[in-house]
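Residue numbers for the sequence shown follow the numbering used here, so the first one is 143 and each next one is one higher.
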Amino acid sequence: MKTFFAAAWSGFAGLQAGLRDTFTFQTISIARATCFPAQFGILSAQSYRKKERYLSAVEFERLANVLSKREREGTEGPYAVAAIRLLALTGARLNEILTLRWDCVDFERQTLWLPDSKSGRKPVFLSQPAIEVLANLPRFDGNPFVIVGEKRGEHLKNLQKPWGRVRKAAGLHDVRIHDLRHSYASIAAAAGLSLPVIGRLLGHTKSVTTERYAHLAAEPLRAANEAVGERIAKLMSSSATRVD
């Protein structure tokens, strides 16, 4: 089987080509302090830091290699591996993938239709690599779910244990499953997609939810601005030299 993300990453590479010299993916921590009331002695007043983690290109490659290796060796179940791949490739929420039914998969339109989504019925668009993940999964008679569980007719209930093993092997100790969704958004932002487009891809119903990625969406603009500024500066410098 091809190394996971090989096809997807080639597409990303083209989008990133113009930014590579001036922008690289980094782990970004966003601190938000919130005070909790100490009513009834349940919580004392305190602040906390909420961390959002974004995978770098190198980390995506490590994740891909570990998934392929564990799948090839049979040390991780095919449905757990497929679930992780789909989470990374679609930006969908964990429960949306675990409870996905085959009758919600529209291969012709390359779309998932999620009737029980957190934000209501919504489409999740499928890239070709995501289509290939789905197409290669075996189906079981009497089980309507894409990510098959251990019990007959049920879906996989818990992805945390498989994810714990995978992320440890990939050296992604601080990466949560939900960070795959954040990372999907960061790839989209680095490709220059607007916040409204990113919000639509993620299924956000409120623009304020997507605003957390505003700093990422601005990076391609900063990179472009820097390139334009350097070009103009060179033109002005050469012009001043000729006048002298």
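C-beta: ideal position from N, C-alpha, C; glycine also.
Among residues of its own chain, excluding the 5 on either side of residue 349, which ones have a beta-carbon nearer than 8 Å to its beta-carbon?
-> 337, 338, 341
In angstroms, rounded to a whole number, what distance separates the CA positions of residue 194 and residue 323?
-> 10 Å
Roughly how many angstroms lie between the CA atoms of residue 317 and residue 309, to the nearest whole one?
-> 7 Å
Taking the DSSP output, what are the residues bridged to residue 243?
-> 287
Please state whether DSSP places residue 352 in a helix, a strand or coil.
-> helix
Residue from 240, 268, 234, 255 whose Cα sits closest to the Cα of residue 292 | 240
Where does residue 324 fall in DSSP's three states?
-> helix
Taking the continuous alpha helix (DSSP H) assigned at residue 208, which residues delimit it?
-> Unbroken alpha helix (DSSP H) run through residue 208: 199-215.
Note the first and the last residue of the continuous beta strand (DSSP E) segment covering residue 301.
-> Careful: residue 301 lies outside any beta strand (DSSP E) and carries neither H nor E.
Could you say which of 311, 224, 266 lies nearest to residue 297 if we only look at CA atoms?
-> 224
What are the boundary residues of the beta strand (DSSP E) that residue 256 is part of?
-> 253-256
Along the beta strand (DSSP E) that carries residue 265, what are the first and last residues, could you check?
-> Where residue 265 is concerned, the enclosing beta strand (DSSP E) stretches over 264-267.
Would you tell me roughly how many angstroms separate the C-alpha atoms of residue 175 and residue 354, rounded to the nearest one?
-> In this predicted model, residue 175 has a pLDDT of only 28, less than 50, meaning its place in the structure is not dependable; the value taken from the coordinates is given anyway. Their backbone Cα atoms lie some 15 Å apart in a straight line.
Distance, Cα to Cα, residue 285 vs residue 256?
-> 17 Å
Is it true that the CB of residue 272 sits closer than 7 Å to the CB of residue 236?
-> no
Classify residue 314 as buried or exposed, calling it buried when 16 or more other Cβ atoms lie within 10 Å of its own Cβ.
-> buried
Counting only the same chain and skipping the five closest in sequence on each side, list residues whose C-beta sits under 6 Å from that of residue 234.
-> 266
Exposure of residue 216, with buried meaning 16 or more beta-carbon neighbours within 10 Å = exposed
Rounded to the nearest angstrom, how far is the Cβ of residue 304 from that of residue 222, given a contact under 8 Å?
-> 4 Å
Could you name the residues of the same chain whose beta carbon sits closer than 8 Å to that of residue 243, not counting the 5 residues immediately before and after it, in chain order?
-> Close CB contacts of residue 243 within its chain, under the 8 Å cut and outside five residues either way in sequence, are with 286, 287, 288 (chain order).
Can you tell me the Cα-Cα spacing of residue 374 and residue 274, whole angstroms?
-> 45 Å
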